[in-house]
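Position 178, counted from 1, in the sequence shown is what the working numbering calls 181; the numbers after and before it change by one each time, with no gaps. Taking it in order: structure first as C-alpha cells, then the write-up.
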Amino acid sequence: MHVLAEQPLLRMNTLALDGRARALLRLEHITGLEQALGWAADRQLPVVPLGEGSNIVVAGDVEALVLRLATSGIEVLEEDAEKVHLRVAAGENWHRLVEWTLRRGYFGLENLALIPGTVGAAPVQNIGAYGVELASFVRAVHSVELATGAGLSLSREACEFGYRDSVFKNRLRDKMIITSVELELSREPHLQFEYPALAAVLEGKQRARLSAIDVFDAVVAIRRSKLPDPARVPNAGSFFKNPVVDAQRAGALAGQFPGIPQYPQADGQVKLAAAWLIDCCGWKGKQRGGFGVHPEHALVLVNLGGGSGRELLDLAADIAASVATTFGVSLEIEPRIVGG
Ligand SMILES: Cc1cc2nc3c(=O)[nH]c(=O)nc-3n(C[C@H](O)[C@H](O)[C@H](O)COP(=O)(O)OP(=O)(O)OC[C@H]3O[C@@H](n4cnc5c(N)ncnc54)[C@H](O)[C@@H]3O)c2cc1C
Numbered sequence: 004m005h006v007l008a009e010q011p012l013l014r015m016n017t018l019a020l021d022g023r024a025r026a027l028l029r030l031e032h033i034t035g036l037e038q039a040l041g042w043a044a045d046r047q048l049p050v051v052p053l054g055e056g057s058n059i060v061v062a063g064d065v066e067a068l069v070l071r072l073a074t075s076g077i078e079v080l081e082e083d084a085e086k087v088h089l090r091v092a093a094g095e096n097w098h099r100l101v102e103w104t105l106r107r108g109y110f111g112l113e114n115l116a117l118i119p120g121t122v123g124a125a126p127v128q129n130i131g132a133y134g135v136e137l138a139s140f141v142r143a144v145h146s147v148e149l150a151t152g153a154g155l156s157l158s159r160e161a162c163e164f165g166y167r168d169s170v171f172k173n174r175l176r177d178k179m180i181i182t183s184v185e186l187e188l189s190r191e192p193h194l195q196f197e198y199p200a201l202a203a204v205l206e207g208k209q210r211a212r213l214s215a216i217d218v219f220d221a222v223v224a225i226r227r228s229k230l231p232d233p234a235r236v237p238n239a240g241s242f243f244k245n246p247v248v249d250a251q252r253a254g255a256l257a258g259q260f261p262g263i264p265q266y267p268q269a270d271g272q273v274k275l276a277a278a279w280l281i282d283c284c285g286w287k288g289k290q291r292g293g294f295g296v297h298p299e300h301a302l303v304l305v306n307l308g309g310g311s312g313r314e315l316l317d318l319a320a321d322i323a324a325s326v327a328t329t330f331g332v333s334l335e336i337e338p339r340i341v342g343g
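Given below as C-alpha cells:
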C-alpha cells in the first residue's frame, strides 16, 4: 500500500481547483481496501472517496485520506434473450461502460453517454441526462462502511434514488465507499428520445428505424456541441440542481413570470429550469475574479484561472441569493464540497 502524503488535488478535479490532500491512495485492487481503512483509522483520519473529481468543489485542504478506487472489471452475471445482469467495478469509467454495453448489444444506457466520472460515483447522485436516470437500471449497489470495513449491499429501493439524489447523499453520506454496481440492461432497445433537445436532433429520421447507436451518437453530438470540455475550460457540469416546487407555487410563478419553463413531475410537483432563472437574473456570461458563468450555459460555472474554491462558492452564493430575491426559489449546489 503506497499512501502519498500532502498531495495536490489540482489535477484530480475537473474544476482544476487547488487544495492538498493530507494523504492520497489509489487502489487498483479491492483487496487493499481493508488495510487502507485500517491505516486511516489508526491515524484518526476520515476517508473521502474520490472518483474522477467531476462533481466536487475543492474548497481548501482536505484533512483526510482521499481514496481513489481505480478498480476495474465488468462481469456478466446472468443473461437471457431479454435481459442482461452485470456487475461493474467502481473504478470503471462511466462512458467507457456505456460504449462497452452498446458494443455487446446491451441497451438502456445510451442517453447517459459522455457523462464524466466513475461507475462508483454514479449512484451517489443518480446520474441522469436526456430524460433517463441511472436508477432505472440499478439492481444493487455494493459498498463498504468506512468506519468499520463492513460490507453493505443495497437494493435499488434501499438506495432511495431521487432527482440527483440517493441515500449516499443523505443517511449514508460520508459513511460508505461504493465498490461495485449491479445493472440490469435490456437485450432489446427501448429507445427514449422524447427529451426536447434529443428529439430536435433526431427529427427527420424515421423513428421506426432509429437504433440505440443513433441515440448514443445524438447525445454525444449534443453534449460535445453544448457543454464546455473540462480539459479546456475547467467546470463541473451543472453547478446547481433544477429546483422543484409544489404545484401552487409553480402556478403563482407562471402568473408572475410568463414564459417560465415548468416541467410537471409524476408526484405532482413541478421542476423549474435553474439555468433560466439564473439567466433572467443577468448572470450569464458574467465574470468575477477567476470564475465565470458560461456565456451559453448559465448553469455551468467555469474556472478562468487564479481563483480559489472559496471564491467560486461565494460567486455561487451570490447567484443563488439573486434567484431567491427575484423568484423566491432556493437553488441547491449540485457538486459535493470537499475540504476547506
Ligand atoms: C462537463 C460535465 C458534465 C456533466 N454532466 C452530467 C450529467 O449530464 N448528468 C449528471 O448526473 N452529472 C453530470 N456531471 C456530474 C458528474 O459527471 C457525475 O456526478 C459523476 O457521477 C461524478 O463522477 P466522479 O467519478 O467524477 O465523482 P467525484 O467527482 O470524484 O465524486 C463525486 C461524489 O461522489 C463521491 N464518490 C466518488 N466515488 C465514490 C465511491 N466509489 N463511493 C462512494 N462515494 C464516492 C465523492 O466522495 C463525492 O462526494 C457532469 C460533470 C461535468 C464535469
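Beta carbons are placed, not taken as given, at the ideal position from N, Cα and C, and that holds for glycine. All values derive from a computational prediction rather than experimental measurement.
Problem set entry | Residue range of the unbroken alpha helix (DSSP H) whose run includes GLU95 | Here residue 95 corresponds to residue number 92 of the sequence shown, with the count starting at 1. Note, GLU95: premise wrong, no alpha helix (DSSP H); not H, not E.
Exercise. Across which residues does DSSP place GLU185 in a beta bridge pair?
Worked result: Walking along the sequence shown from the start, residue 185 turns up at place 182. DSSP output for GLU185 lists ARG90, ALA143 as bridge partner(s).
For this session: Flag VAL101 as yes when its Cβ comes closer than 7 Å to any non-hydrogen atom of ligand 1, and as no otherwise.
Result: As a working mapping, residue 101 is identified with position 98 in the sequence shown. Checking every heavy atom of ligand 1 against the Cβ of VAL101, none is found closer than 7 Å.
For this session: Evaluate the contact criterion for the segment 218-228 versus the segment 173-180: three or more CB pairs, one atom per stretch, below 8 Å.
Result: Output reads no: the segment 173-180 does not touch the segment 218-228.
For this session: Write down every uninterrupted run of the alpha helix (DSSP H) in the segment 256-301 whose length is 4 residues or greater and which is fully enclosed by it, in chain order.
Result: Runs of the alpha helix (DSSP H) lying entirely within the segment 256-301 and spanning at least 4 residues, in chain order: 277-283.
Exercise. To which residues of the same chain is LEU112 closer than 6 Å at the C-beta, ignoring the five residues directly before and after it?
Worked result: Within the sequence shown, the letter at position 109 stands for residue 112. Here the set comprises VAL101, THR104.
Exercise. Using a Cβ-Cβ cut-off of 6 Å (strictly less than) and excluding sequence neighbours within five positions of TYR266, which residues of its own chain qualify?
Worked result: As a working note, residue 266 is residue 263 in the sequence shown. Here TYR266 has LYS274 as same chain residues with Cβ atoms under 6 Å from its own Cβ, once five neighbours each way along the sequence are excluded.
For this session: Measure the Cβ-Cβ separation of TRP286 and ALA276 and say whether it is below 8 Å.
Result: For this step, residue 286 is matched to residue 283 along the sequence shown. For this step, residue 276 is matched to residue 273 along the sequence shown. Between TRP286 and ALA276, the CB-CB gap reaches or exceeds 8 Å.
For this session: Give the C-beta separation of LEU316 and ILE281 to the nearest angstrom, bearing in mind that I take them to be a contact with Cβ-Cβ under 8 Å.
Result: Locating residue 316 in the sequence shown gives position 313, where the first residue counts as 1. Locating residue 281 in the sequence shown gives position 278, where the first residue counts as 1. Going by Cβ atoms, the distance from LEU316 to ILE281 rounds to 16 Å, so no, they are not a contact pair.
Problem set entry | Cβ-based neighbour list, ASN238, same chain, cut-off 6 Å, excluding 5 preceding and 5 following | The residue given as residue 238 occupies position 235 in the sequence shown. Take ASN238, set aside five residues on each side of it, and the residues of its chain with a beta-carbon closer than 6 Å to its own are PRO231, VAL303, VAL305, in chain order.
For this session: Report back the beta-carbon spacing between PRO261 and VAL60 to the nearest angstrom; my notes put them in contact at under 8 Å.
Result: In the sequence shown, counting from the first residue as 1, residue 261 sits at position 258. In the sequence shown, counting from the first residue as 1, residue 60 sits at position 57. In fact, because the Cβ distance is near 35 Å, the residues do not count as touching under 8 Å.
For this session: Would you check if the distance between the CB atom of VAL127 and the CB atom of SER169 is smaller than 8 Å?
Result: Here residue 127 refers to the residue found at position 124 of the sequence shown. Here residue 169 refers to the residue found at position 166 of the sequence shown. Between VAL127 and SER169, the C-beta gap is smaller than 8 Å, which places the two residues in contact.
Exercise. Considering only the beta carbon of each residue, do LEU53 and ALA39 sit closer than 8 Å?
Worked result: On the sequence shown, residue 53 is found 50 positions in, with the first residue counted as 1. On the sequence shown, residue 39 is found 36 positions in, with the first residue counted as 1. No; because the gap between Cβ atoms is not below 8 Å, this pair is not in contact.
Exercise. Is it the case that the CB of GLY127 approaches a heavy atom of ligand 1 more closely than 7 Å?
Worked result: Within the sequence shown, the letter at position 124 stands for residue 127. Here residue 127 is Val; the residue named in the question, Gly, does not match the sequence. Checking the Cβ of VAL127 against ligand 1 gives yes.
Problem set entry | ASP249 vs GLN272 beta-carbon contact at 8 Å | Taking the sequence shown and counting its residues from 1, the one referred to as residue 249 is at position 246. Taking the sequence shown and counting its residues from 1, the one referred to as residue 272 is at position 269. Yes, they are a contact pair.
For this session: Compare the C-alpha of LEU7 against each of ALA43, HIS32, LEU20 and name the closest.
Result: One-based indexing of the sequence shown puts residue 7 at position 4. When only C-alpha atoms are compared, the closest one is ALA43.
Exercise. Any idea if VAL79 is buried or exposed, counting beta-carbon neighbours within 10 angstroms, 16 or more meaning buried?
Worked result: As a first step, residue 79 is located in the sequence shown; it is residue number 76 there, counting from the start. Exposed, by the Cβ-count rule.
Problem set entry | Per DSSP, the bridge partner or partners of LEU175 | Residue 175 sits at position 172 when you count from the first residue of the sequence shown. DSSP output for LEU175 lists no bridge partner at all.
Exercise. With 16 other CB atoms within 10 Å as the buried threshold, where does SER57 fall?
Worked result: Taking the first residue of the sequence shown as 1, we reach residue 57 at position 54. Burial check for SER57: the Cβ neighbour count within 10 Å reaches 16 or more, so the residue is buried.
Exercise. Does the beta carbon of ARG90 fall short of 7 Å from some heavy atom of ligand 1?
Worked result: Locating residue 90 in the sequence shown gives position 87, where the first residue counts as 1. Outside the cutoff, so no.
Exercise. Is it buried or exposed for VAL193, if we count other Cβ within 10 angstroms and need 16 for buried?
Worked result: Counting from one through the sequence shown, the residue named residue 193 turns up at place 190. At residue 193 the sequence reads His, which differs from the Val that was named. Taking a 10 Å sphere around the C-beta of HIS193, we find fewer than 16 other C-beta atoms and assign the residue as exposed.
For this session: Would you kindly report the start and end of the unbroken beta strand (DSSP E) that includes GLU344?
Result: Only positions 4 to 343 of the chain appear in the structure, and residue 344 is not among them; the question remains open.
For this session: Report buried or exposed for THR34, applying the criterion of at least 16 other Cβ atoms within 10 angstroms of its Cβ.
Result: Walking along the sequence shown from the start, residue 34 turns up at place 31. By the neighbour-count criterion, in which 16 or more other beta carbons inside 10 Å mark a residue as buried, THR34 falls on the exposed side.
Exercise. Looking at the structure shown, is ARG71 part of a helix, part of a strand, or coil, going by DSSP?
Worked result: Against the sequence shown, residue 71 aligns to sequence position 68. Strand.
Exercise. Apart from the five residues just before and just after ASN173, which ones in its own chain have a Cβ nearer than 8 Å to its Cβ?
Worked result: By one-based count along the sequence shown, residue 173 stands at place 170. Counting only Cβ-Cβ distances below 8 Å, and skipping sequence neighbours, we find GLU163.
Problem set entry | Close-in-space but distant-in-sequence residues of the same chain around VAL236 (CB under 6 Å, 5 per side omitted) | Position 233 of the sequence shown, counting from 1, holds the residue named residue 236. For VAL236, where only same-chain residues beyond five positions count, the Cβ hits under 6 Å are VAL305.
Exercise. Rounded to a whole number of angstroms, what is the C-alpha to C-alpha distance between ASP83 and GLU187?
Worked result: Within the sequence shown, numbered from 1, the residue matching residue 83 stands at position 80. Within the sequence shown, numbered from 1, the residue matching residue 187 stands at position 184. When the Cα atoms are used, ASP83 and GLU187 turn out to be separated by approximately 11 Å.
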